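Participant:
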């Protein structure tokens with residue numbers, strides 16, 4: 009089973025809903041990671057703003073930051089090897105790395121159904 013680590017730029021929260029506008033890509037990634045963690049997969053996410061020591065201690069990520077700067081984030085490692093720089097993995101990539109169907113990571117829309125229980129006249 010793969011180990012996936014995502015090194016995020018500095019941000020106030022991992023979902024992207026804490027700022028003035030919602031970033032749907034951050035919401036998608038946060039949902040996918042939540043579902044993968046729930047299934048017991050080895051996936052970690054680090055925030056430069058709150059966990060800078062992890063960025064410094066990882067030689068691959070540290071090298072990318074020195075060569076390309078913080079605008080190169082996010083950086084994704086799979087089993088310690090850099091696989092993506094500057095963009096988040098797709099649900100299909102997550103699924104491939106963990107050997108599952110990408111549909112398992114899709115956010116299911118809940119039906120919003122109202123039932124009127126007033127007596128009919």
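Residue numbers (our numbering): 9 to 129. Note that the Cβ used here is the ideal one computed from N, Cα and C, for glycine as well. The model shown is predicted, which means the values in this text are computed figures rather than measured ones.
(1) Note down, in chain order, each residue of its chain lying with its Cβ closer than 8 Å to the Cβ of residue 92, except the 5 sequence neighbours on either side.
(2) Within the region 41–92, note down every full alpha helix (DSSP H) run reaching 4 residues or more, in order along the chain.
(3) Kindly indicate which residue of 59, 127, 125, 106 has the alpha-carbon position closest to the one of residue 40.
(4) Name the DSSP bridge partner or partners of residue 13?
(5) Excluding the 5 residues flanking residue 87 on each side, which residues of the same chain have their C-beta closer than 6 Å to its C-beta?
(6) Tell me where the alpha helix (DSSP H) around residue 103 begins and ends.
(7) Rounded to whole angstroms, how far is the Cβ of residue 89 from the Cβ of residue 53, which I believe are closer than 8 Å?
Facilitator: The structure says:
(1) Taking the chain shown and counting its residues from 1, the one referred to as residue 92 is at position 84. Correct list, in chain order: 82, 83, 84, 101.
(2) Whole alpha helix (DSSP H) segments, 4+ residues: 60–65, 67–76.
(3) As a first step, residue 40 must be located in the chain shown, where it is residue number 32. Out of 59, 127, 125, 106, 106 has the C-alpha closest to the C-alpha of residue 40.
(4) Taking the first residue of the chain shown as position 1, residue 13 is located at position 5. Residue 13 is bridged to 52, 85.
(5) If you number the chain shown from 1, residue 87 lands on position 79. The residues are 10, 11.
(6) Counted from its first residue, the chain shown places residue 103 at position 95. Taken as a continuous stretch (DSSP letters only), the alpha helix (DSSP H) holding residue 103 covers 99–106.
(7) Position 81 of the chain shown, counting from 1, holds the residue named residue 89. Position 45 of the chain shown, counting from 1, holds the residue named residue 53. Actually they are not in contact, since the Cβ atoms of residue 89 and residue 53 sit about 17 Å apart, beyond 8 Å.
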